[in-house]
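The structure appears right after this line, and notes come after that.
In my numbering, the protein residues as written are 4 to 640.
Now the structure itself:
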């Protein structure tokens, strides 16, 4: 022991220096540790409250969006308390990044995972026993080994921090069975506070996290809103790769972005297409050689470029200036979508999320779920979460309102920063159909007090016959057959929107049965309308771009100059380009060719304030264009 202690002293400096450092650290406040080690002047949000909670020995549930500063919540108390803080994480790459960062600022941290050699693991065990390590990062399966648990029982453990805690729940979007075994920590270490952290968890997932991991915790739930991110969702057409290319070249050239694909082959194909069109695109997926994958990840941090990847890329990636996230395929859940889009705009500056979705995505994701070895209940939950994601994509209302509502947060008015707010889609009034479906759900549930699943309710509504319908006598309900004029597909679409807007609740725990929510009363009583997007109104992202196809060649050049001016103006004012003028407005300017600010009046999207702010600059761009075209002897000028 003396030899190891002497070795430790020699590696860190003289004994007096170490003693002085220990004394100083014991006297440091949380704020001083935050500034000294992490370089921040003050805590963000409720970070300090979380720290105070665990310092008092109480458990804590922490829900904070990606990039919100979750790690500070356990790293600071680790330095304030005696003993070692054990951080449980499923991600080896994230462990390495965290340990490297902590060591770099002088904090003794280590990781125990499958990448260590036997000798490296023994070194970590020795350092733990000597009290050298303040933060230990460990995978759940490694923690649960008898040798590890026996070692920790002999140590002074100050805190257990369970990262990615949603993995414990079958209702979560990334269920991992080994996480459920972590409930043994309650019994084995009853006096050690526990902290569960996640960026995405709906109400049912939160409930299971608490019941399995925590005891009488204090819950901290940050806002899920990322107001700097603009959301756009478009039905996938044949030319979607051209649209993505135009989007990057036109609005985000020489900027960083991530393009997510569902499969490795798709990632390879999309990256190849972007490269062919002059975009600096890299690839990242689990099928690549480690060396190439790591080289591409390093390059992504070193220069502005586009990473085309599967979901294998992104967890633990903290690049603040990612300006856009594009989903080429629909994510498998709203949680996944939120987590992946949350990697954009961490610097607080404007960023964009663009999603393309299509029927083939739904078929592909359902195939992945069906062929998985998960138990039937988990498959049911996964299918419902997939339907919820499709419901968000199909929605005709404000994307942000619906996205936040999924996580139990209310936004009082439309955000004005999503495609549906900027360009409302074509809708039709489906109030009567919504009322029919709600009535059928209600009447079915009254017969057994619990409710029935979607397929059964819709079959009753359509007047279909089956043994179950006869057995439950649902053919005698007043709603039997009142919806036979529409297909099963149509009614499922209406149901997705009712669920997405919280008119219908889904009980995952009881076979995904449906019940009518209290919120549905106003809709049932005709006090509000239920609007749905007209099927086939694709609102493709390139609509604003391809609308300029009917401009002549000279007008096309003016349109290009106006977009260049807009980009410069947006950068100077640190706003998104569309906040200056959307493409649809620039197209109208290119057609009208105003040379005096007052000539901008009447163009859609330009009011008095915008004329005051941008009118002169726009007219200067037009005048410059006139001069250049005259120099070419253009007969149309």
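The C-beta atom is built at its ideal place from N, Cα and C for all residues, glycine as well.
Can you list, in chain order, the residues of its chain with a C-beta nearer than 8 Å to that of residue 279? Leave out the 5 residues immediately preceding and following it. Excluding residues within five positions, none has a Cβ falling inside 8 Å.
Could you check which residue in 223, 115, 63 and 236 has the C-alpha nearest to that of residue 163? If we check each option's Cα against that of residue 163, 63 comes out closest.
What do you reckon, are the CB atoms on residue 148 and residue 110 nearer than 8 Å? In this structure, residue 110 does not lie closer than 8 Å to residue 148 by Cβ.
Is it buried or exposed for residue 331, if we count other Cβ within 10 angstroms and need 16 for buried? Here residue 331 is buried: its Cβ has 16 or more other Cβ atoms, across all protein chains shown, within 10 Å.
I'd like the span of the alpha helix (DSSP H) that includes residue 238, first residue to last. Counting along the chain, residue 238 falls outside any alpha helix (DSSP H), though it belongs to the beta strand (DSSP E) covering 232-238.
When you compare only the Cα positions, how much space is there between residue 590 and residue 394? Answer to the nearest angstrom: the Cα atoms are 32 Å apart.
Residue range of the beta strand (DSSP E) that includes residue 355: In the DSSP assignment, residue 355 falls within the beta strand (DSSP E) that extends over 354-360.
So, helix, strand or coil for residue 283, using DSSP? Looking at residue 283 - three-state DSSP - the assignment turns out to be coil, as it is neither helix nor strand.
Quick check on residue 268: does DSSP put it in helix, strand or coil? It is helical.
Roughly how many whole angstroms lie between the Cα atoms of residue 113 and residue 102? Going from the Cα of residue 113 to the Cα of residue 102 covers about 6 Å.
Who does residue 657 pair with in a DSSP beta bridge? No information on residue 657 is available, as it lies outside the stretch 4 to 640 that the chain covers here.
Residue span of the beta strand (DSSP E) that contains residue 400, given as start and end: Unbroken run through residue 400: none, as it is neither H nor E.
Cβ-Cβ distance between residue 356 and residue 234 below 8 Å: Result yes, Cβ atoms of residue 356 and residue 234 sit closer than 8 Å.
Near residue 443, which residues of its chain fall below 7 Å by C-beta distance, leaving aside the five closest residues on each side in sequence? The answer, listed in chain order, is 460, 463, 464 and 482.
Just confirm the distance between the C-beta atoms of residue 57 and residue 141, as a whole number of angstroms; I'd bet it's less than 8 Å. Between residue 141 and residue 57 the Cβ distance is about 18 Å, and since that is not below 8 Å, they are no contact.
Thinking residue 270 and residue 286 are a contact (beta carbons under 8 Å), I'd like their distance in whole angstroms, please. Contact holds; Cβ gap of about 6 Å.
How is residue 606 classed by DSSP in three states: helix, strand or coil? Residue 606 falls in the coil class under three-state DSSP.
Under three-state DSSP, which class holds residue 536? DSSP places residue 536 in strand when its eight states are reduced to three.
When DSSP labels each residue in this structure, what does residue 480 get in the three-state scheme? In this structure, residue 480 counts as coil in the three-state DSSP scheme.
Would you mind sorting residue 248 into buried or exposed? The rule is 16 or more other CB atoms within 10 Å of its CB. With 16 or more other Cβ atoms within 10 Å, it is buried.
Residue range of the beta strand (DSSP E) that includes residue 303: Here residue 303 belongs to no beta strand (DSSP E); instead the alpha helix (DSSP H) covers 293-305.
For residue 571, does the three-state DSSP call read helix, strand or coil? DSSP, read as helix, strand or coil, puts residue 571 in helix.
Distance between beta carbons of residue 585 and residue 622, contact taken as under 8 Å: Between residue 585 and residue 622 the Cβ distance is about 19 Å, and since that is not below 8 Å, they are no contact.
Excluding five sequence neighbours on each side, which residues of the same chain lie with their C-beta closer than 6 Å to the C-beta of residue 314? Same-chain partners within the cutoff: there are none.
Relative to the alpha-carbon of residue 306, which residue among 294, 291 and 325 has its alpha-carbon at the smallest distance? Taking only the C-alpha atoms, the option nearest residue 306 is 325.
Distance between residue 577 and residue 2 (C-alpha atoms, nearest Å): Here the chain covers residues 4 to 640 and nothing more, so residue 2 does not appear.
In its own chain, which residues sit with a C-beta less than 6 Å from the C-beta of residue 515, not counting the 5 before and 5 after it? 383, 387, 456 and 509, listed in sequence order.
I'd like to know if residue 589 contacts chain D, where contact means its C-beta is closer than 8 Å to some C-beta of that chain. Structure shown: chain D not included; a single protein chain is present.
Between which two residues does the beta strand (DSSP E) containing residue 198 stretch? Counting along the chain, the beta strand (DSSP E) containing residue 198 begins and ends at 197-201.
List, from N- to C-terminal side, the alpha helix (DSSP H) runs of 4 residues or more that fit wholly inside the segment 488-528. Secondary structure in the segment 488-528: the alpha helix (DSSP H) runs of 4 residues or longer, each lying completely within the stretch, are 491-503 and 524-527 in chain order.
Near residue 290, which residues of its chain fall below 7 Å by C-beta distance, leaving aside the five closest residues on each side in sequence? The residues 267, in chain order, have a CB closer than 7 Å to that of residue 290 in the same chain once the five nearest residues on each side in sequence are set aside.
Mind the definition here: the segment 337-353 touches the segment 293-312 only if three or more C-beta pairs lie below 8 Å; say whether that holds. Flag = no, the segment 337-353 and the segment 293-312 do not touch.
Cutting at 8 Å between CB atoms, please list the residues of its own chain near residue 139, excluding the five before and the five after it. Correct list, in chain order: 87, 88, 89, 90, 112, 113, 114, 115, 127 and 131.
Which value, in whole angstroms, describes the spacing of the CA atoms of residue 96 and residue 31? So the two alpha carbons sit approximately 31 Å from each other.
Locate the beta strand (DSSP E) running through residue 79, then write down its first and last residues. Not the beta strand (DSSP E): residue 79 falls in the alpha helix (DSSP H), residues 75-83.
Beta strand (DSSP E) containing residue 641: first to last residue? Outside the modelled stretch of the chain, which goes from 4 to 640, sits residue 641, for which no answer is possible.
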